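Visitor: Have a look at this one before I ask anything.
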Amino acid sequence: IQNAVKKCDLPPGVFSLLQGAGHELGVTLVQHPITQAVAFTGSLRGGRALFDVANARKEPIPFYAEMGSINPVFVLPGAAAERGASIAEQFVQSVGLGVGQFCTNPGMLIGLKSEFLDDLTQKTADAAEAAGPATMLHQGIAEAYSEGLNKIKSIEGVKTCGASSVASDATKNQAACHIFEANLNTLFDHPELKEENFGPSSVILKADSAEQLEQAAEGLEGQLTATVHGTEDDLQKHGKLIRILERKVGRLIFNGFPTGIEVCPSMHHGGPYPATTHSFFTSIGTASILRFVRPLCYQSFPDTGLPVELRNKNERGILRLVDNAWTRDDI
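Okay, so the sequence shown: first residue is 8 according to our numbering, each after it adds one.
Next comes the structure, spelled out in structure tokens:
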């Protein structure tokens, strides 16, 4: 990176890397008077703590935190009947991608009880058993994942329906894929199931009715994503579910999986709290730079006093909004 900075003739301070084992380094950086904005990716606990530090400054600064998310996947009846096996295979691949260490890892799948959902569950279990363990980023993450698994296993009504047939090696910070299942009522009785377990695990919840699907969606906190697998007929029948999810997430996916993120102008990687601290901004995509700029309006300035991008002659040939019309023309 430093070689690239030098080659591009950028200021040497454009990139710096500081490493620390505790929270003191992060707090110091957020409190430093030169710091004017902060982007953060990590846990809800860590993000909220630094958010409070940023707002406790004499001059509070923007703090853009991307935090926990379980990224629920809703499988509607038509999709379960038409392509349950395909959904199961891709779901386990998404759960295990990067050893489950993606912030968009799908930690929950919810569907209506049916023989098709039962088949999907079994195929998901089979795929999980075929997935081998892999090494997580460091010991702390691996231990937290193991503790999370034990917490899920201790919840009454939850059972393991599939797990890697090869045991993970704790000395190598390995984690194995685990898929759990339960009746959706278990979620209502044990809201701790909605807590993110960072790693390759997920819970399949089976609903008794469409109303229960809506109740589950309504009970969600802010999420980065939600996914709906269905047919066009499913969308017509479950329109209320879609409307609820629109209020809960930053990205709503149809017949896909949340771990695929394209860096493009239309991408929004954010969501309502506690997924992030500001749902308007994205941390991925071309609009992510807007976290680090500030609007400034020039009123009644002569043309020569304006930045070159705002002058009548469009010397840079950029796209500009003039009198509510986008144009590259001179004014």
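All C-beta atoms, glycine included, are put in the ideal place defined by N, C-alpha and C.
Computed from a prediction, not measured in an experiment: that's the story for all the values here.
1) Rank ASN62, ASN78, ALA138 and GLY267 by C-alpha distance to the C-alpha of TYR71 and give the top, closest one.
2) Could you check if ARG254 is buried or exposed, using at least 16 other CB atoms within 10 Å of its CB as the buried criterion?
3) Hey, THR284 and PHE109 are a contact pair by Cβ (cut 8 Å); roughly how many whole angstroms apart?
4) By DSSP, does LEU116 sit in helix, in strand, or in coil?
5) Strictly by DSSP, which residues pair up with SER208?
6) On the DSSP letters alone, give me the boundaries of the alpha helix (DSSP H) that ARG250 sits inside.
7) With H, G and I counted as helix, E and B as strand and the rest as coil, what does DSSP make of GLY91?
8) Does the segment 78–96 touch the segment 110–123, meaning 3 or more C-beta pairs lie closer than 8 Å?
9) State the start and end residues of the unbroken beta strand (DSSP E) segment that holds GLU73.
10) Out of GLU239, ALA217, GLU269 and PRO281, state which residue places its alpha-carbon closest to the alpha-carbon of ILE251.
11) May I ask which residues mark the beginning and end of the alpha helix (DSSP H) holding LYS166?
12) Since ALA149 is in the alpha helix (DSSP H), which residue starts that stretch and which ends it?
13) Helix or strand or just coil, what does DSSP make of ASN62?
14) So, at 8 Å on beta carbons, what are the nonlocal neighbours of TYR280 in its own chain, with the 5 sequence-adjacent residues on each side left out?
15) SER295 to SER273, Cα distance in whole Å?
16) Looking only at its chain, what residues have a beta carbon closer than 8 Å to the beta carbon of LYS201, apart from the 5 residues adjacent to it on each side?
17) Buried or exposed for PHE98, please, with buried defined as at least 16 other CB atoms from any protein chain shown within 10 angstroms of its CB.
18) Assign GLN306 to one of three DSSP states: helix, strand, or coil.
19) If you draw a straight line from the alpha carbon of PRO40 to that of ILE68, how long is it in whole angstroms?
20) Would you report the Cα separation of MET74 and SER23, rounded to the nearest angstrom?
21) Report the three-state DSSP secondary structure of GLN3 (helix, strand or coil).
22) So is GLU188 buried or exposed if we call it buried at 16+ other beta carbons inside 10 Å?
23) Less than 6 Å between C-beta atoms, sequence neighbours within five positions excluded: which residues of the same chain meet that for THR293?
24) Could you pull out every residue in the same chain whose Cβ sits closer than 7 Å to the Cβ of GLY33, ignoring the five residues on either side in sequence?
25) Please report the straight-line C-alpha distance between VAL106 and VAL165, rounded to a whole angstrom.
26) Give me the Cα-Cα distance between LYS120 and ARG64, rounded to the nearest whole angstrom.
27) Express the C-alpha separation of GLN43 and PRO302 in angstroms, rounding to a whole number.
28) Taking CYS15 and GLY103 to be in contact with their CB atoms under 8 Å, please state how far apart those CB atoms are, rounded to whole angstroms.
29) Look up ASN262 in the DSSP assignment and say whether it is helix, strand or coil.
30) Indicate whether LYS130 and ALA177 have their beta-carbon atoms separated by less than 8 Å.
31) Roughly how many angstroms separate the alpha carbons of VAL45 and VAL37, rounded to a whole number?
Guide: In short, the structure shows the following:
1) Checking every option, the nearest Cα to that of TYR71 belongs to ASN62.
2) Burial call: exposed.
3) Contact between THR284 and PHE109 does not hold, since their C-beta atoms are separated by about 20 Å, which reaches or exceeds 8 Å.
4) Looking at LEU116 - three-state DSSP - the assignment turns out to be strand.
5) Answer by DSSP bridge pairing, in chain order: HIS185.
6) Unbroken alpha helix (DSSP H) run through ARG250: 246–253.
7) Of the three classes helix, strand and coil, the one that applies to GLY91 here is helix, per DSSP.
8) Three or more Cβ pairs drawn from the segment 110–123 and the segment 78–96 lie within less than 8 Å of each other, which places the two stretches in contact.
9) Element bounds for GLU73: 70–73.
10) Looking from the CA of ILE251, the closest CA among GLU239, ALA217, GLU269 and PRO281 belongs to ALA217.
11) LYS166 -> not in any alpha helix (DSSP H); beta strand (DSSP E) instead, spanning 166–170.
12) 146–160 is the span of the alpha helix (DSSP H), which, as asked, contains ALA149.
13) Annotated three-state conformation of ASN62 is helix, per DSSP.
14) Closer than 8 Å at the Cβ level, and outside the excluded window around TYR280, lie GLU228, GLY229 and SER286.
15) Using only the alpha carbons, I get a separation of about 11 Å.
16) Same-chain partners within the cutoff: ILE77, MET115, LEU194, GLY226, LEU227 and GLU228.
17) Classified as buried, PHE98 has 16 or more neighbouring CB atoms from the shown chains inside 10 Å of its CB.
18) Residue state, collapsed to three classes: coil.
19) Each residue's alpha carbon lies about 10 Å from the other.
20) When rounded, the separation of the alpha-carbon atoms in MET74 and SER23 is 23 Å.
21) Outside the shown range of the chain (8 to 338) lies residue 3, about which nothing can therefore be said.
22) A buried status is given to GLU188, since no fewer than 16 other beta-carbon atoms sit within 10 Å of its beta-carbon.
23) Contacts found: PRO272.
24) Sequence-distant partners of GLY33 (beyond 5 residues in either direction) whose C-beta falls short of 7 Å from its own C-beta, in its chain, are LEU57.
25) Between the alpha carbons of VAL106 and VAL165 lies a gap of roughly 22 Å.
26) When the Cα atoms are used, LYS120 and ARG64 turn out to be separated by approximately 51 Å.
27) Using only the alpha carbons, I get a separation of about 14 Å.
28) No, CYS15 and GLY103 are not in contact; Cβ-Cβ is about 37 Å, not under 8 Å.
29) Note: ASN262 maps to coil in three-state DSSP.
30) No, Cβ-Cβ distance for LYS130 and ALA177 is not below 8 Å.
31) C-alpha separation (whole angstroms): 7 Å.
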